Amino acid sequence: MIIGIGIDSVTISRFQQKKSPEFVKKLLTEHELNKYKSVIGDNNQNIFLAIRWAFKEAIFKALRTWDDFTQLEIRKINGAYECSLNDKIKLHLSISHEGERLVAVAVAERV
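Following this line, the structure appears as structure tokens:
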């Protein structure tokens with residue numbers, strides 16, 4: 000049963016100004032932070048942050064109750080993004096981006 004759908008749209012270049020340690024620490028899990036530190040190039044770092052922000056916002060909108068982004072870890076597995084909450088909720092994630100715009104969708108399903 001679908002319990003919520005969330006969508007978020009961001010401008011990638013906006014994350015150039017959001018790279019403060021405080022912002023990054025509030026957004027990323029420890030594992031995501033380690034991956035972020037290994038990303039080479041400003042634009043690639045912007046994309047990394049934009050993807051995580053957009054997915055976490057979309058998940059928040061789908062669930063309507065989640066407020067701690069560091070509890071949500073976005074992983075890319077076999078070319079697809081995934082996020083696990085618990086064994087009662089399955090998240091279906093999709094992303095698209097062209098140029099400066101990035102759109103993320105999350106569908107929350109009760110299993």
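Sequential numbering from 0 applies to the sequence shown in numbering that gives the first Met the number 0.
The C-beta atom is built at its ideal place from N, Cα and C for all residues, glycine as well.
Remember, predicted model here, so these are calculated numbers, not experimental data.
Rounded straight-line distance, which links the Cα of residue j to that of residue i
i: Lys36; j: Thr28; result: 12 Å
i: Thr10; j: Gly3; result: 24 Å
i: Phe47; j: Ala61; result: 21 Å
i: Leu71; j: Ile58; result: 9 Å
i: Ile50; j: Val110; result: 26 Å
i: Gly40; j: Ala53; result: 20 Å
Bridge partner(s) assigned by DSSP for residue i
i: Ile6; result: Val104
i: Ser95; result: Val102
i: Arg109; result: Ile88
i: Ile1; result: Glu108
Beta-carbon proximity list for residue i, same chain, < 6 Å, skipping 5 on both sides
i: Glu56; result: Asp7
i: Ser93; result: Val104
i: His115; result: Because the chain here runs from 0 to 110, residue 115 falls outside it and cannot be looked at.
Cβ neighbours of residue i in the same chain (closer than 7 Å, five flanking residues each side left out)
i: Lys89; result: Glu108, Val110
* Asked: For the stretch 26-92, which segments carrying the alpha helix (DSSP H) assignment without a break, of at least 4 residues, lie completely within its bounds, in sequence order?
  -> 29-37, 41-62
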